[in-house]
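*Asks:*
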């Protein structure tokens, strides 16, 4: 998990009211509150690169691109998350008239870090799969050139991995393409 999870007695509704007043972001998973930590330069660059490229490709259509301030709720097991990049198309649906908790994303992107990788691949992905609107889930490594693209095919999720800057990721649900060269623009990797 990205940070230490603290079990609470908060209901989902109580969490949401509390979170809207909080100074920092927290995710909510099965009654646990998880504080979200800051991001590295590589993480920030990757999020900006992806959201910028998607915005350019989608700006004339009916889709919106949001970054890690747009909360997403999953059901039937109510949990709340802050994906790094969110795409929603047609008419966005929100939990209430505060318009800060999205219910129908079509594409979600998470940038992996050592502290979040297992969580993003495992428990968080399991919850994201509850979203009937979700068509594609992208995991991006910040430590090496590696992008995992999970695409929903009926009831199954089909993964494909990309490891070359020359590779191009095709997001069929939103008719967009992301080259790994664009995703990793200006990102510097540590040499081992």
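Residue numbers (this note's numbering): -19 to 172. Glycine is no exception: its CB is placed at the ideal position from the N, C-alpha and C atoms.
Does the segment 130 to 137 come close enough to the segment 108 to 122 that 3 or more CB-CB pairs lie under 8 Å?
*Replies:* Output reads yes: the segment 130 to 137 touches the segment 108 to 122.
*Asks:* Does the Cβ-Cβ distance between residue 144 and residue 160 come in under 9 Å?
*Replies:* The count along the chain shown starts at 1 and reaches residue 144 at position 164. The count along the chain shown starts at 1 and reaches residue 160 at position 180. For residue 144 and residue 160, yes; Cβs fall inside 9 Å.
*Asks:* Roughly how many whole angstroms lie between the Cα atoms of residue 153 and residue 1?
*Replies:* Taking the chain shown and counting its residues from 1, one reaches residue 153 at position 173. Taking the chain shown and counting its residues from 1, one reaches residue 1 at position 21. Roughly 35 Å between the two C-alpha positions.
*Asks:* Residue 105 lies in the beta strand (DSSP E); which residues open and close that run?
*Replies:* In the chain shown, the residue the question calls residue 105 occupies position 125. Per DSSP, residue 105 belongs to no beta strand (DSSP E); it is in the alpha helix (DSSP H), 103 to 108.
*Asks:* Give the DSSP bridge partners of residue 2, in chain order.
*Replies:* Looking up residue 2 in the chain shown gives position 22. Per DSSP, none; premise fails for residue 2.
*Asks:* When DSSP labels each residue in this structure, what does residue 56 get in the three-state scheme?
*Replies:* On the chain shown, position 76 is the one that residue 56 refers to. Coil, per DSSP.
*Asks:* Specify the secondary structure class of residue 15 as computed by DSSP and reduced to three states.
*Replies:* Start at 1 with the first residue of the chain shown, and residue 15 comes out as number 35. Three-state result, residue 15: strand.
*Asks:* Taking the alpha-carbon of residue -4 as reference, which of 165, 18 and 52 has the nearest alpha-carbon?
*Replies:* In the chain shown, the residue the question calls residue -4 occupies position 16. The shortest Cα separation from residue -4 among 165, 18 and 52 belongs to 52.
*Asks:* Taking Cβ to Cβ, would you say residue 138 is nearer than 9 Å to residue 93?
*Replies:* In the chain shown, residue 138 corresponds to position 158, counting from 1. In the chain shown, residue 93 corresponds to position 113, counting from 1. No; because the gap between Cβ atoms is not below 9 Å, this pair is not in contact.
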